[in-house]
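> Heads up: the sequence shown at position 4 corresponds to 4 in UniProt numbering, and the numbers run straight through without jumps.
Idealized CB from N, CA, C, for every residue including glycine.
Can you keep this structure in mind? I'll have questions shortly.
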Amino acid sequence: MAFVTDQNERPLYSSADVEDYFALLKPRVMSLVIFTAIVGLLVAPGAVHPLIGFTAILCIAIGAGASGALNMWYDADIDAVMSRTINRPIPAGKVTKQEALAFGLVLSVFSVLTLGLLVNWVAGGLLAFTIFFYAVIYTMWLKRWTPQNIVIGGAAGSFPPMIGWAAVTGTITIESVILFLIIFLWTPPHFWALALYKKGDYQEAGIPMLPNVSGERATQNQIFIYSLLLAAIALAPTLIGFASLAYGAAAALLSAGFVFYATKLWREKELVEMKKSARKLFAFSLVYLFAIFLVLAADIVATKMLGSMI
Numbered sequence: 001m002a003f004v005t006d007q008n009e010r011p012l013y014s015s016a017d018v019e020d021y022f023a024l025l026k027p028r029v030m031s032l033v034i035f036t037a038i039v040g041l042l043v044a045p046g047a048v049h050p051l052i053g054f055t056a057i058l059c060i061a062i063g064a065g066a067s068g069a070l071n072m073w074y075d076a077d078i079d080a081v082m083s084r085t086i087n088r089p090i091p092a093g094k095v096t097k098q099e100a101l102a103f104g105l106v107l108s109v110f111s112v113l114t115l116g117l118l119v120n121w122v123a124g125g126l127l128a129f130t131i132f133f134y135a136v137i138y139t140m141w142l143k144r145w146t147p148q149n150i151v152i153g154g155a156a157g158s159f160p161p162m163i164g165w166a167a168v169t170g171t172i173t174i175e176s177v178i179l180f181l182i183i184f185l186w187t188p189p190h191f192w193a194l195a196l197y198k199k200g201d202y203q204e205a206g207i208p209m210l211p212n213v214s215g216e217r218a219t220q221n222q223i224f225i226y227s228l229l230l231a232a233i234a235l236a237p238t239l240i241g242f243a244s245l246a247y248g249a250a251a252a253l254l255s256a257g258f259v260f261y262a263t264k265l266w267r268e269k270e271l272v273e274m275k276k277s278a279r280k281l282f283a284f285s286l287v288y289l290f291a292i293f294l295v296l297a298a299d300i301v302a303t304k305m306l307g308s309m310i
């Protein structure tokens, strides 16, 4: 993909196509954001006009994409040396850093203002904070500074269901905080499992991920601890009366699977087997989060429908 350059051969803009800009939005991450935000919207008490609901989800999706674009703009240097990210639009020479920055800023402002003006400002404010947290607090500060980057930075990816909830209710409640905490506690074991079998990439890029700083054993211990905490918080919707026993049973079963894979990883001492177990945990963690939120949504929506029929 050719760049148009100035007289000093510095790239001014590229001839990137729509697919290149779409890739800047991190569509795979965006799909998870959209899904959890929809669940937050569906399980919130009360009802929202379908057009307002669609607007809210669209703005949350665009805001998430904006965060991804800003992340790629700032991380272009390390993306270029990691096998997992080397084909992203900027290191692949398809989009300039300036274009990615402008794209991310425009989408950020548009998504926040639209959500605030057309839905409510509690949701708009949460979206603005989420973008800021991911782009500035996590990407520009935590990611390159501390091995706890994923723990603290994970908050950014945990807000979408809370924003979806706020789009309906205009409030933040204990139920929406629990939705936040499920993703927040899921994030460390999910990403540290990835970091275990991609340790070389993070080492090459100079990112202080936990396995590189504290070693594999410390990472195995932390993954196991967070898996137990996740299993406990996943049951909270039933324990506080927000979801039914059917959800509680499904959450317990799914969490038992998560803890099983985390325990298997914790027991591994050989590096090769450890990486294999880390891959399995990482793969299951993706299924786990989708399943937990899907079951919760189905449970509460079914309860709402039954209540309206009585």
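Does the separation of the CB atoms of Tyr-247 and Val-301 fall below 8 Å?
Position 247 of the sequence shown, counting from 1, holds the residue named residue 247. Position 301 of the sequence shown, counting from 1, holds the residue named residue 301. Not a contact, by the Cβ cut-off of 8 Å.
> Out of Ser-244, Gln-222, Leu-229, which one is the CA nearest neighbour of Ala-278?
If you number the sequence shown from 1, residue 278 lands on position 278. Nearest option by C-alpha distance: Gln-222.
> If we ignore side chains and look at the alpha-carbon of each, how far apart do Tyr-197 and Leu-107 end up?
One-based indexing of the sequence shown puts residue 197 at position 197. One-based indexing of the sequence shown puts residue 107 at position 107. Each residue's Cα considered, the two are about 34 Å apart.
> Leaving out the 5 sequence neighbours to the left and right, which residues in its chain are closer than 6 Å to Thr-114 when beta-carbon positions are compared?
In the sequence shown, the residue the question calls residue 114 occupies position 114. Only Cys-59 meet the Cβ criterion.
> I want to know whether the region 161-173 touches the region 133-149 - three or more CB-CB distances under 8 Å.
No, because fewer than three Cβ pairs between the region 161-173 and the region 133-149 fall closer than 8 Å, the two stretches do not touch.
> Under DSSP, the alpha helix (DSSP H) around Tyr-74 begins and ends at which residues?
Position 74 of the sequence shown holds residue 74. Per DSSP, Tyr-74 belongs to the alpha helix (DSSP H) from 50-74.
> Report the rounded CA-to-CA distance for Ala-232 versus Ile-183, giving the unit in angstroms.
Position 232 of the sequence shown, counting from 1, holds the residue named residue 232. Position 183 of the sequence shown, counting from 1, holds the residue named residue 183. Each residue's alpha carbon lies about 13 Å from the other.
> Whether or not the region 151-164 and the region 187-194 are in contact is what I'm after, with contact meaning three or more pairs of Cβ atoms, one per stretch, closer than 8 Å; do they touch?
Contact between the region 187-194 and the region 151-164 is present, because at least three Cβ pairs lie under 8 Å.
> If you check the beta carbons only, do Ala-262 and Ser-214 fall under 8 Å apart?
Mapped onto the sequence shown, residue 262 falls at position 262. Mapped onto the sequence shown, residue 214 falls at position 214. No. Outside cutoff.
> Counting along the chain, where does the alpha helix (DSSP H) carrying Glu-270 start and finish?
Locating residue 270 in the sequence shown gives position 270, where the first residue counts as 1. Careful: Glu-270 lies outside any alpha helix (DSSP H) and carries neither H nor E.
> Are Leu-41 and Gly-200 close, meaning C-beta to C-beta below 8 Å?
One-based indexing of the sequence shown puts residue 41 at position 41. One-based indexing of the sequence shown puts residue 200 at position 200. For Leu-41 and Gly-200, no; Cβs fall outside 8 Å.
> Which one of Met-305, Leu-281, Ser-255, Leu-271 has the shortest CA to CA distance from Phe-293?
Translated into the one-based positions of the sequence shown, residue 293 becomes position 293. Closest by alpha carbon: Ser-255.
> Are the beta-carbon atoms of Val-33 and Ala-61 separated by less than 8 Å?
On the sequence shown, position 33 is the one that residue 33 refers to. On the sequence shown, position 61 is the one that residue 61 refers to. Result yes, Cβ atoms of Val-33 and Ala-61 sit closer than 8 Å.
> Does Ile-207 come out as helix, strand or coil in the three-state DSSP assignment?
What you label residue 207 is simply residue 207 of the sequence shown in a count that begins at 1. Ile-207 falls in the coil class under three-state DSSP.
> At a cut of 8 Å, does the region 91-106 reach the region 41-51 through at least three beta carbon pairs?
Too few Cβ pairs lie closer than 8 Å, so no.
> If Leu-24 and Gly-68 are in contact, beta carbons under 8 Å, what's the gap, nearest whole angstrom?
In the sequence shown, counting from the first residue as 1, residue 24 sits at position 24. In the sequence shown, counting from the first residue as 1, residue 68 sits at position 68. The Cβ separation is near 6 Å, so the contact holds.
> If you follow the alpha helix (DSSP H) that Phe-132 is part of, which residue opens it and which one closes it?
Indexing the sequence shown from 1 puts residue 132 at position 132. Unbroken alpha helix (DSSP H) run through Phe-132: 121-132.
> Counting along the chain, where does the alpha helix (DSSP H) carrying Trp-141 start and finish?
In the sequence shown, counting from the first residue as 1, residue 141 sits at position 141. Counting along the chain, Trp-141 falls outside any alpha helix (DSSP H), and DSSP gives it neither H nor E.
> Specify the secondary structure class of Met-30 as computed by DSSP and reduced to three states.
To locate residue 30, count along the sequence shown from 1; it is residue 30. Here Met-30 sits in helix by DSSP.
> If you drop the 5 nearest sequence neighbours on each side, which residues of the same chain put their C-beta closer than 6 Å to that of Ser-244?
Locating residue 244 in the sequence shown gives position 244, counting from the first residue. Excluding sequence neighbours, Ser-244 sits near Asp-299.
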